Every structure is written in structure tokens, then in C-alpha cells.
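Undergrad: If you read the protein sequences in the order shown, they are chains A and B. Going by my numbering, the first sequence opens with residue 28, and the numbers climb by one from there. Going by my numbering, the second sequence opens with residue 10, and the numbers climb by one from there.
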Amino acid sequence: MTDAIDLLLNTSLWAAVLRIATPLIFGVLGALLCERSGVLNLGIEGIMTMGAMSGWLAVYLGAPLLVGLLVAAICGALLGALHATLTVPLGLSQHVSGLGITLFASALAYYLYRLIVEVGDLPPTIEPFEPLNIPFLTDIPVLGPILFAQAFPTYLALFAVIAMAYVLTRTPLGLAIRMTGENAHAVDAQGLYPTHIRFGAVVVGSALMAIGGAFLTTTAFNSFFPGMVQGRGWICIALVVFASWRPGKALIGALLFAFFDAYQLRLQTTTEGVPYQLFLMAPYVLSITALVLVARKAEVPASLMTPYRRGER
Amino acid sequence: MTKVLELVGISKRFGALTANDDVNLSLKQGEILALLGENGAGKTTLMNILFGHYAADKGHVRVFGTELPSGKPRAAIEAGVGMVHQHFTLADNLTVLDNVMLGSEPLFRFRSARTEARNKLMQISDRFGLPVTPEAKIGSLSVGERQRVEILKALYRDARVLILDEPTAVLARPEAKRLFETLRGMTKEGLSLIFISHKLHEVMAASDRVAVLRGGKIVAERDTNKTNADELAELMVGRKVERPVRQEHDIGAPVLIAQKVRLENDGETQLNNVSFQVNAGEILGIVGVSGNGQAALGALLSGLAAPTAGELTLDGNEVGHIGPRGMIMAGVGRVPEDRNSEGVVGELSLWENAVLERIRSPKFSRWGFVRQRAARDYTSALIKRFDIRGANPDTRIRLLSGGNMQKLILGRVLANDPRFVLANQPTRGLDEGAIAAVHAKLLAARAKGAAILLISEELEEAVALSDRIQAIVKGRLSAPIHADQADAQRLGLMMAGVWEEDENAA
Numbered sequence: 028m029t030d031a032i033d034l035l036l037n038t039s040l041w042a043a044v045l046r047i048a049t050p051l052i053f054g055v056l057g058a059l060l061c062e063r064s065g066v067l068n069l070g071i072e073g074i075m076t077m078g079a080m081s082g083w084l085a086v087y088l089g090a091p092l093l094v095g096l097l098v099a100a101i102c103g104a105l106l107g108a109l110h111a112t113l114t115v116p117l118g119l120s121q122h123v124s125g126l127g128i129t130l131f132a133s134a135l136a137y138y139l140y141r142l143i144v145e146v147g148d149l150p151p152t153i154e155p156f157e158p159l160n161i162p163f164l165t166d167i168p169v170l171g172p173i174l175f176a177q178a179f180p181t182y183l184a185l186f187a188v189i190a191m192a193y194v195l196t197r198t199p200l201g202l203a204i205r206m207t208g209e210n211a212h213a214v215d216a217q218g219l220y221p222t223h224i225r226f227g228a229v230v231v232g233s234a235l236m237a238i239g240g241a242f243l244t245t246t247a248f249n250s251f252f253p254g255m256v257q258g259r260g261w262i263c264i265a266l267v268v269f270a271s272w273r274p275g276k277a278l279i280g281a282l283l284f285a286f287f288d289a290y291q292l293r294l295q296t297t298t299e300g301v302p303y304q305l306f307l308m309a310p311y312v313l314s315i316t317a318l319v320l321v322a323r324k325a326e327v328p329a330s331l332m333t334p335y336r337r338g339e340r
Numbered sequence: 010m011t012k013v014l015e016l017v018g019i020s021k022r023f024g025a026l027t028a029n030d031d032v033n034l035s036l037k038q039g040e041i042l043a044l045l046g047e048n049g050a051g052k053t054t055l056m057n058i059l060f061g062h063y064a065a066d067k068g069h070v071r072v073f074g075t076e077l078p079s080g081k082p083r084a085a086i087e088a089g090v091g092m093v094h095q096h097f098t099l100a101d102n103l104t105v106l107d108n109v110m111l112g113s114e115p116l117f118r119f120r121s122a123r124t125e126a127r128n129k130l131m132q133i134s135d136r137f138g139l140p141v142t143p144e145a146k147i148g149s150l151s152v153g154e155r156q157r158v159e160i161l162k163a164l165y166r167d168a169r170v171l172i173l174d175e176p177t178a179v180l181a182r183p184e185a186k187r188l189f190e191t192l193r194g195m196t197k198e199g200l201s202l203i204f205i206s207h208k209l210h211e212v213m214a215a216s217d218r219v220a221v222l223r224g225g226k227i228v229a230e231r232d233t234n235k236t237n238a239d240e241l242a243e244l245m246v247g248r249k250v251e252r253p254v255r256q257e258h259d260i261g262a263p264v265l266i267a268q269k270v271r272l273e274n275d276g277e278t279q280l281n282n283v284s285f286q287v288n289a290g291e292i293l294g295i296v297g298v299s300g301n302g303q304a305a306l307g308a309l310l311s312g313l314a315a316p317t318a319g320e321l322t323l324d325g326n327e328v329g330h331i332g333p334r335g336m337i338m339a340g341v342g343r344v345p346e347d348r349n350s351e352g353v354v355g356e357l358s359l360w361e362n363a364v365l366e367r368i369r370s371p372k373f374s375r376w377g378f379v380r381q382r383a384a385r386d387y388t389s390a391l392i393k394r395f396d397i398r399g400a401n402p403d404t405r406i407r408l409l410s411g412g413n414m415q416k417l418i419l420g421r422v423l424a425n426d427p428r429f430v431l432a433n434q435p436t437r438g439l440d441e442g443a444i445a446a447v448h449a450k451l452l453a454a455r456a457k458g459a460a461i462l463l464i465s466e467e468l469e470e471a472v473a474l475s476d477r478i479q480a481i482v483k484g485r486l487s488a489p490i491h492a493d494q495a496d497a498q499r500l501g502l503m504m505a506g507v508w509e510e511d512e513n514a515a
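In C-alpha cells form, the structure reads like this:
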């Protein structure tokens, strides 16, 4: 028991929370942006897989790490454009299209990986992002190692939270996106184009998801292997609901899940006599509980999953 | 006077349907033009073309002398045209200011100028006498307030021509009156207005000029002070329509009795100590400004809500707690307030909707299977008997006009000779011809001895059909008065909550 508490006081746990949260933050922001405009994007799991593979591959083929992230974002944007084409102008079922994108993108990622990369006994590796170790700040006791010794993408994620919150609440574009998610007819009646806004939101949102995937292969690990996204995309979809479609709460949700995950990992190694599967399960069980408690009051965008066609109500 | 707006030779087809056929129309500076026509006459299509929601097949629109590109709402807004849609284009979860500001700034701007926008909104709101709270969420506003926001949206974009699509469809009479006063005030500020309507009395009361649209064509234009309601009615329908008149006859024994009924929902008292009785062969009218408990009364009599206290009996049997199915079995016919959401299932066919209430009856099902032929035959009979047009039993019901849909609902209810009928806003949104048909059916049911409770916001309707009238105010019912004592002044007072307490309160 004292072990369990000792773990909580260990700065490495809290540093790990931020690290584990990073891909979730990107993913949940991306999903949130799509949904705020009225489009559910269940392609997230596949888009993150594609982001993980393409970002890694670019670096493996000689590109700098930042270009790797960019390549991942572009691949995500392309898949987002596919999902948007199917669901926005064509108005197809967002569930079906999203799941289709996930199956397609995951398979494509594995296929391209096998096609291009020679895999021996061990998957090939790259040089990943290193912790920045910001001078002076890193030396602050407790907070320093937690906040100021992260890798670049983690800071990018935190910045993205602020940027997303700002754009959504303070800019005309954000108002238009929110309004499209609430009532696309209102947007059309005011002389804007709800279909363009949705298309853009899905493309940008998907790019963010893919960067989240790329974090896994360029920072958390240094190689790509099938199944590595491990349902993080689905967690993000749930976190959006948990966050009531707000970027700030999305950050809290991602951190909460990451905390459960980091803590259970450490408990596994220090606790004996309990099957480790129970610990693996814990973050999901706790997330579902939190979701149920919070989601009843969630403010769902009113026209989420309602395709827009002129002259139809 | 100068022409601010011209529609020239507008034609529009949807498949086989000609919605607009070579329509020419112009609007003069500072006038209020009423566009009158029945449902389906092409009024809304025409205005949607004008505002750029649709592109016309032929013809063009000129605003202040310049031609508008077709199919671009933005161009219409920038030319100074504003539209108040019948189904408000507002987002409930956002604030008034959000809704007004949308689209007024370039999208890619670092910061919304909310303070300036709020000032401008308040200034316009003062100038036109349309008070609003900028930070209130739309969802918390009444229908009348939402419409005000919808109008302010257009004014905020500096509209000089305002189009209002059926602006009074959702308003109670006093609200409608206030709206027309506001509109009149706007013309003094230099605006020109078109409002779409199928209600003769408001066209007569509020417009300077009337254009009548029938079958997609302009069939007449008149100065309002040189015409009358009868002429317009005939022009609009294309033939003479007369609403049926209630004949005095002997009233039978009490059928439905409510005694001191109280209805609470989520701790809120929706009906308070309500007592009334409806007799066989009688129509009891319940009048009142919308939102005073009509919905709760409707739910109570449909079996969707059970009384918290008090007693509801049908032919002496307690029916307060038997639920919707129990009500149907007991011989209660229900015409719900909102036919689209509660009356029918839009995606299902006519025959499915026709038998839905009684699907368990042996007439329509056997061994758990639907007797489709019986159901279709039954529906065909209904279609013939209740004059439902443009449909066969397999038509999806959402393709029907509101009037024909309502005829099916009435047919479904009346075909079984119910003991008691709840008719909740039975003619809302219907045009003149359909209203006459609905009235005739209700009066026929009355003549056959049904007890009918009519909830209506249309005073003329309540007075014309009802034997007795009670007013509903804040969940309480006034004492009943006989229809022949019901003049406008007395009803007005009753609806304002002023009545003499009857010791029996029924």
C-alpha cells in the first residue's frame, strides 16, 4: 500500500502522464474539431495508424523529424478529405464511412510498411525526438522534470489545446464552425457555406489525429509495428464526449486517462498476487465510469451526424 | 415610388412539379406586400429563389436595379435583402449575439469584435423597438423572442428589403399583432417588406398590397384597401370556400369528466385544479395563449401523462392512469398538436400510419403477422371517405401536404366512432380549403354524438365550432361560457386570466 502512495510522489510518474497523454490530446482535439462542425470521424483509429506509419517512414527514409510530423499531417489530411467527401457533399452515413476509413487506412499503413521497409528479426528504428531539457527550467524541483523535460510534440500538443480553444471561442471562423455543428441551415442563411466549413474542419481535424499517431513512432517509441495505436483513437472519441466538446476539458480528460494508464503500469510491477490484466483494464473501466458520470450533462452539437442538404429539414 | 426589388419571369421546376411559372413581381420603397397563397402554391420556393437558396431555371432578380447572381445567399445579403425563415435558422445552444454575428465578419480574422457587435445590436434593437438580451442562449427564449432575433439578424446585416416567410405561423394572436406593428414601424425607417401568409385576416390587416399566388402563378395583384377577404379567399383557392357552420342540437350525457386535476412534471405544476366536463354531441373549446398548459392538457387526455391529483373519468370509468394504449382501447381519439412529430411517422406509408394505433386489433393482425391486405383496403377506404389527395395506401406519409396528413389523422380517429376526441390545434398551419374540411369532419363527429375537446389558439375557430368555451391560463381553467356569449372582448379578458370564479369551478 505504501508502495502505491510512493509511486504517486514520484516525478517520473507525472512526467509519464504528460507523455502518455500527448497522442490522446492530438487525437481528441482532432475528433473534437470534426464533431464541433457536425461530422463524427470514426476514421480516427486508422488515421492515427497511418500517421504513425507515414511519419516514421519519412524519418526512416532520411527526412528530419519535423518533416516526419508534417508528412503524417498531410497523410491524415488526405484521409480526412476522403471521409469529408463521402459524408459532407455526398451525405453518406458517417459511421459507415468512418469505420471504412479506419479499416482502409490501417490496412494501407501495414501494406505500405511491408512494401517499403525490410523487416528483419527486429523492426528497424529511427532516432526519435529527445526531451528538450530546457535550461534552468528543467532544474526547478518537482515541476522541472515534469513540465520542462518533455519532447517537442508534447509542447506542440499543449499549444494546440490553447489554439483550438481560442479559435473556437474568439474568432469568426470558430463561431462559424460551432454554428455549423449546431444548425447548418443558419450558416447557409447567413451567406456562408456549411459544406466548406465541414470539409475544412474534417481535413484539419484528421491532420491533428495523424500527428497524434506520429507521436507514437517518433517520440514514445522509435519504430513502427502493427497494432501499436491500440484503440487510442476510440478512447479519443469517448474523451470528446467526456469533455463535452470543449478543448480545455479534453485536455483534462486526456491527462486523466494517461494518469490511470501510467499508474497502472507502475502498480503492475510493484504489486504481487493480482493478475496484471486487472491493471490493464483499470484505465478503461475508470474512463467509462467518468464518462457515464459526466456525459449525461454533455452538450452535444445539435446537428452532429446530420448531413446538410439545402431545402431539406 | 421607386422599385426596390423586381422578380422577372421566374420559373422553377422540381422534377414533374412546376413550383413557379413565369412569376413577375415588384416591391416598392416603403411598402408592405403580402404574398398570399395556399400551402404548396409556390410562395416559399419563390422567396428562396429571391434569397438565393435556390437557383431559378429561368428569370432573374433585381435589387435596387442590379441583377443578383442566382443561388448565392451571400450576394442577396450584401445587396440588402434579409430573410426571416419560417423555421428559424438559429442555433439553440449559442447566444443571441453569436447567432446575429455569424457571417458578418470575414472568417479569417484573429479576433471577433464582440463589443462593437453588441453595441451595434443594442442600437438596432432600440431603434426598431425589438428588445433582446445579447448573452441569452437561444434555447432559453420564447418563440416570439426567437423570431425577434431572426429579424434582428437581418437588420444587423443592414437589410433594406425584408422577407418574412409565414411569420405568424408560430405566434399567438397578440404576438402577431405586435409583430405587425413593428413591421409597420420599419417601413417608416425606409425598409420595404414582403410577408408570406395564407391567413386572410392578417393580410387584410397588415399589408398595403397583396399578390396572390396559385399553382405557381401570380393570379392577381390588389391594393389591400381595394379588396376584401372574400375576394382574396376565392382568388387564393380558385373557388368559393365556406367554412361549415355549427348547428344547434341537443347535447347528451356527460362523457369525459375531469375533477380538480393536478398535473406536475419535474416539480413544476403544469395543470392546477382543472375541472371540466365534455358531453356527448358537444364540442368544448379550450382557448388561450400558447404555453399556458395546453400541451399538458393534451398529454393528460392522450394518456401520455397521469394526473398527480384529481380524477379523470370516461363514461364513469377512471382513465387517468391507463396510458396511451388504454386510452385508445377506451375509445379516445387523439389529434395531436404536432402532426409531424406525434401524429404520424413520416417515413412510413399511409397504411402503416393508418393502422398503427390499432395494430393489435384482430382486424389488422393475426398470429403476430400484419394483415396487410386488410390494412391497405381500410386505408383506401379512408382515403376515399376523407378526401385525402395525391396519395395511395403505399405513399410515404411525409410526402403529403399538411392538410392531407391531417385528414388521414382525423380519418384514423373518426373511423372508429370514438366516444371522446381530443383535437389539439387541429388546423394549425393548414390552408383555407383544408381548414374547412377539418371543421366539417369535427362537426360531423359531433353530430354523431362524439364528445370533443378542441384546444385552439385561433379564436374564430374556437367560437365557430364550440358549444362551450373555457380559457386556459397558467395551467388553470376558467369557468365555461356558452358560445353565444363569447364575444372578442370577453374571450380576451378570459385569456388574460380575468373571470368570475364559479363555485363549482366547472
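All C-beta atoms in this analysis are idealised placements derived from N, C-alpha and C, irrespective of residue type, glycine included. Keep in mind that this is a model prediction, so the values were computed, not measured.
So, is the C-beta of R337 of chain A closer than 8 Å to a C-beta in chain B?
TA: Chain B contact via Cβ: present.
Undergrad: What is the DSSP secondary structure of D30 of chain B, reduced to helix, strand or coil?
TA: It is a strand residue.
Undergrad: What residues match up with K146 of chain B in a beta bridge as DSSP calls it?
TA: Bridge partners of K146 of chain B: B:T104.
Undergrad: Can a CB atom of chain A be found closer than 8 Å to the CB of F2 of chain B?
TA: Residue coverage of chain B in this structure runs from 10 to 515, which leaves residue 2 of chain B outside it and unanswerable.
Undergrad: Output the distance between the C-alpha atoms of A242 of chain B and R120 of chain B, rounded to the nearest integer angstrom.
TA: When rounded, the distance between both Cα atoms is 53 Å.
Undergrad: Under 8 Å Cβ to Cβ from A65 of chain B, same chain only, skipping five residues before and after it: list those, please.
TA: Correct list, in chain order: I19, S20, K21, N29, I58, S79.
Undergrad: Can you list, in chain order, the residues of its chain whose CB lies under 6 Å from that of A339 of chain B, leaving out five sequence neighbours each side?
TA: If we look at A339 of chain B and ignore the five residues flanking it on each side, its Cβ neighbours are L323, V328.
Undergrad: If I measure Cβ to Cβ from W360 of chain B and keep anything under 8 Å in the same chain, skipping five residues before and after, which residues do I get?
TA: Hits under 8 Å: Q381, A384, R385, Y387, T388, P402, D403.
Undergrad: Is any beta-carbon of chain A found at less than 8 Å from that of G112 of chain B?
TA: With 8 Å as the cut-off, G112 of chain B counts as an interface residue toward chain A.
Undergrad: When you compare only the Cα positions, how much space is there between V341 of chain B and G61 of chain B?
TA: Whole-angstrom Cα-Cα distance: 47 Å.
Undergrad: If we define contact as Cβ-Cβ less than 8 Å, is P82 of chain B a contact residue for chain A?
TA: Answer yes: the Cβ-Cβ gap between P82 of chain B and chain A drops below 8 Å somewhere.
Undergrad: Between the beta-carbon of A25 of chain A and the beta-carbon of I71 of chain A, is there less than 8 Å?
TA: The structure shown does not extend to residue 25 of chain A, since chain A spans only 28 to 340, so no value can be given for it.
Undergrad: Whose Cβ in chain B lies nearer than 8 Å to the Cβ of P326 of chain A?
TA: For clarity, residue 326 of chain A is Glu in the given sequence; the question names Pro instead. Per Cβ cutoff of 8 Å: N102.
Undergrad: Any residues in the segment 109-128 of chain A with a beta carbon nearer than 9 Å to a beta carbon of chain B? Which ones, in chain order?
TA: Those residues of the segment 109-128 of chain A that come within reach of chain B (Cβ to Cβ, closer than 9 Å) do not exist; the list is empty.
Undergrad: Look at the alpha carbon of A363 of chain B and the alpha carbon of L452 of chain B, and state the distance between them as a whole number of angstroms.
TA: Computed Cα separation, rounded: 21 Å.
Undergrad: V86 of chain A and I153 of chain A - do their beta-carbons sit closer together than 8 Å?
TA: A contact, by the Cβ cut-off of 8 Å.
Undergrad: Taking the straight line between their C-alpha atoms, what separation do you get for V170 of chain B and V13 of chain B?
TA: Straight-line Cα distance between these residues: approximately 8 Å.
Undergrad: Output yes or no for whether 8 Å exceeds the beta carbon distance between R225 of chain A and S64 of chain A.
TA: Taking 8 Å as the Cβ cut-off, R225 of chain A and S64 of chain A qualify as a contacting pair.
Undergrad: As an exercise, report each continuous alpha helix (DSSP H) stretch of at least 4 residues that is fully enclosed by the segment 204-271 of chain A, in chain order.
TA: List check, alpha helix (DSSP H) in window: 211-216, 221-242, 259-269.
Undergrad: With a threshold of 8 Å between beta-carbons, can A329 of chain A be considered close to chain B, or not?
TA: Yes, A329 of chain A counts as interfacial toward chain B.
Undergrad: Count the other CB atoms, across all protein chains shown, that sit within 10 Å of the CB of W272 of chain A; report buried if there are 16 or more and exposed otherwise.
TA: Buried.
Undergrad: List the endpoints of the continuous beta strand (DSSP E) containing F204 of chain B.
TA: Counting along the chain, the beta strand (DSSP E) containing F204 of chain B begins and ends at 201-206.
Undergrad: Indicate the three-state DSSP secondary structure (helix, strand or coil) for S81 of chain A in the structure shown.
TA: S81 of chain A falls in the helix class under three-state DSSP.
Undergrad: Mind checking F251 of chain A: buried by the 16 CB within 10 Å criterion, or exposed?
TA: So F251 of chain A counts as buried.
Undergrad: What residues from the segment 178-202 of chain A come within 7 Å of chain B, judged by C-beta to C-beta, listed N to C?
TA: From the segment 178-202 of chain A, only R197, T198, P199, L200, L202 have a Cβ closer than 7 Å to chain B.
Undergrad: Going along the segment 43-57 of chain A in order, which residues come within less than 8 Å of chain B, judged by CB to CB distance?
TA: Answer in chain order: no residues at all.
Undergrad: Can you tell me where the beta strand (DSSP E) with S465 of chain B in it begins and where it stops?
TA: Note, S465 of chain B: beta strand (DSSP E), 460-465.
Undergrad: At least one CB of chain B closer than 8 Å to the CB of R340 of chain A: is that the case?
TA: Bear in mind that a pLDDT of 45 at R340 of chain A, under 50, signals an unreliable position, so the number given afterwards is only what the model happens to contain. Answer yes: the Cβ-Cβ gap between R340 of chain A and chain B drops below 8 Å somewhere.
Undergrad: Going by CA-CA distance only, name the one from A:G232, A:A211, A:Y303, A:F286 that's closest to R336 of chain A.
TA: Among A:G232, A:A211, A:Y303, A:F286, the Cα nearest to that of R336 of chain A belongs to A:A211.
Undergrad: Taking just the CA atoms, how far does R193 of chain B sit from H184 of chain B?
TA: Here the sequence assigns Glu to residue 184 of chain B, which means His is not the residue at that position. If I take the Cα positions, the gap works out to 14 Å.
Undergrad: Distance, Cα to Cα, R340 of chain A vs L244 of chain B?
TA: Confidence at R340 of chain A is low in this model, with a pLDDT of 45, below 50, so its placement is unreliable and the value that follows should be read with caution. Approximately 30 Å, taken between the alpha carbons.
Undergrad: Please list the partners that L219 of chain A has in chain B, where partner means a Cβ-to-Cβ separation under 9 Å.
TA: Result: P82, R83, L111, G112, L116.
Undergrad: May I have the straight-line CA-CA distance separating F373 of chain B from N68 of chain A, to the nearest angstrom?
TA: So the two alpha carbons sit approximately 44 Å from each other.
Undergrad: Start and end of the alpha helix (DSSP H) containing H69 of chain B?
TA: No alpha helix (DSSP H) holds H69 of chain B; the beta strand (DSSP E) holding it covers 67-72.
Undergrad: Give the range of the alpha helix (DSSP H) segment to which V364 of chain B is assigned.
TA: Looking at the DSSP string, the run of the alpha helix (DSSP H) that includes V364 of chain B is 359-364.
Undergrad: As a quick exercise: from B:P176, B:L474, B:D101, B:A168, pick the residue whose alpha carbon is nearest that of V296 of chain B.
TA: Residue B:L474 is the option with its Cα nearest to V296 of chain B.
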